[in-house]
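Worksheet: the structure to be examined is printed underneath.
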Amino acid sequence: GAVVSQHPSRVICKSGTSVKIECRSLDFQATTMFWYRQFPKQSLMLMATSNEGSKATYEQGVEKDKFLINHASLTLSTLTVTSAHPEDSSFYICSARSTSGGYEQYFGPGTRLTVT
Amino acid sequence: RKEVEQDPGPFNVPEGATVAFNCTYSNSASQSFFWYRQDCRKEPKLLMSVYSSGNEDGRFTAQLNRASQYISLLIRDSKLSDSATYLCVVSTSGGSYIPTFGRGTSLIVHP
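Each protein sequence line maps, in turn, to chains A and B.
Following this note's numbering, the numbering of the first sequence begins with 2 at its first residue and continues without gaps.
Following this note's numbering, the numbering of the second sequence begins with 24 at its first residue and continues without gaps.
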């Protein structure tokens, strides 16, 4: 149990375009989902916390107008990188926390974004 | 001082060795503690939750010391497949229990 999927797993896009990444909890409901970014050989950086039915809470330094987050249901959150730049190239990982049980997070497999 | 601190390593140990990692946290209001494992270019996977009474899962033992504000992970009889980065995660009460990750400790198990 506790499977989280992410789509796409890999995407290459041109500068200035927008990319949408989906995060789904497959076998549980998640009131809270988290979006992270990880650059090579660096630690995970929390970008935002997404609660179902409400606006996402962004970490300091993360532009909410550039990284649009929508958590429309208990099993789906999306991250849209708008007007992508090469410096946005990174590994984006989502995680979901179950509505029941402890506070464990279950991570999606990640999306590797390359902006050319 | 960082909220969650880990020795980045790498810890380079032979197969069969016992290795221990510590992780310190600064917020005394922290409520939930976890160890995750992350392989290169993969997502983190939950290894174990850490309870006040300590817990053991096979070769892995996790301990929590609230007084000194650290958690530990002990790996016995190391396997080559244990090579990975081990992430300490601490969640603090107040709202959404936002998790804070340590930078991770790299473990390399060699033959």
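Where is the CB? At the ideal position from N, CA and C, for every residue including glycine.
Fill in: Start-to-end residues for the beta strand (DSSP E) that takes in B/CYS46
42-48
Practice prompt. Output the boundary residues of the beta strand (DSSP E) element that contains A/CYS14.
Written response: 11-14
Item to complete: Tell whether a beta-carbon distance below 9 Å holds between A/TYR107 and A/SER26.
Response: yes
Worksheet item: With respect to the beta strand (DSSP E) encompassing A/HIS86, which residues constitute its N-terminal and C-terminal limits?
Response: Run containing A/HIS86: none; DSSP gives neither H nor E here.
Worksheet item: Helix, strand or coil: how does DSSP classify A/LEU77 here?
Response: strand
Fill in: Alpha-carbon spacing of B/ALA85 relative to B/SER114, whole angstroms
16 Å
Worksheet item: What is the DSSP secondary structure of B/LEU87, counted as helix, strand or coil?
Response: strand
Fill in: Within chain B, partners of A/PRO110 - CB distance below 8 Å
LYS65 and GLU66
Worksheet item: With C-beta atoms as the reference, is B/THR135 less than 9 Å away from B/CYS46?
Response: Outside the displayed range of chain B (24 to 134) lies residue 135 of chain B, so it cannot be described from this structure.
Item to complete: Give the DSSP-derived three-state secondary structure of B/ASP105 in the structure shown.
Response: helix
Worksheet item: Where does the unbroken beta strand (DSSP E) through A/SER44 begin, and where does it stop?
Response: It is not in any beta strand (DSSP E) - A/SER44 carries neither H nor E in the DSSP assignment.
Worksheet item: Thinking C-alpha only, which one of A/THR117, A/VAL63 and A/GLU53 is nearest A/GLN30?
Response: A/GLU53
Discussion item. Among A/MET34, A/VAL116 and A/GLY111, whose alpha-carbon lies nearest the alpha-carbon of A/SER84?
Written reply: A/VAL116
Item to complete: Kindly confirm or deny that the segment 2-21 of chain A and the segment 72-89 of chain A touch, where touching means at least three C-beta pairs closer than 8 Å.
Response: yes
Discussion item. With a threshold of 9 Å between beta-carbons, can A/ARG38 be considered close to chain B, or not?
Written reply: no
Worksheet item: Using the beta-carbon count (16 or more within 10 Å), is A/GLN39 buried or exposed?
Response: buried
Worksheet item: Looking at the C-beta of B/SER114, does it have a partner C-beta in chain A at a distance below 9 Å?
Response: yes
Discussion item. Can you pull the chain B neighbours of A/TYR93, defined as C-beta to C-beta under 9 Å?
Written reply: Neighbours of A/TYR93 on chain B: none; closest Cβ ~10 Å, over 9 Å.
Discussion item. What does the Cβ neighbour count give for B/PRO134, buried or exposed, with the cut at 16 atoms within 10 Å?
Written reply: exposed
Practice prompt. Taking only beta-carbon positions, decide if B/GLN54 is within less than 9 Å of chain A.
Written response: yes
Fill in: Alpha-carbon spacing of A/ILE70 relative to A/ILE22, whole angstroms
10 Å
Practice prompt. With DSSP as the reference, please indicate the residues paired to A/SER6 in a beta bridge.
Written response: A/ARG25
Discussion item. Do B/PHE44 and B/SER104 have their beta-carbon atoms positioned less than 9 Å apart in this structure?
Written reply: no
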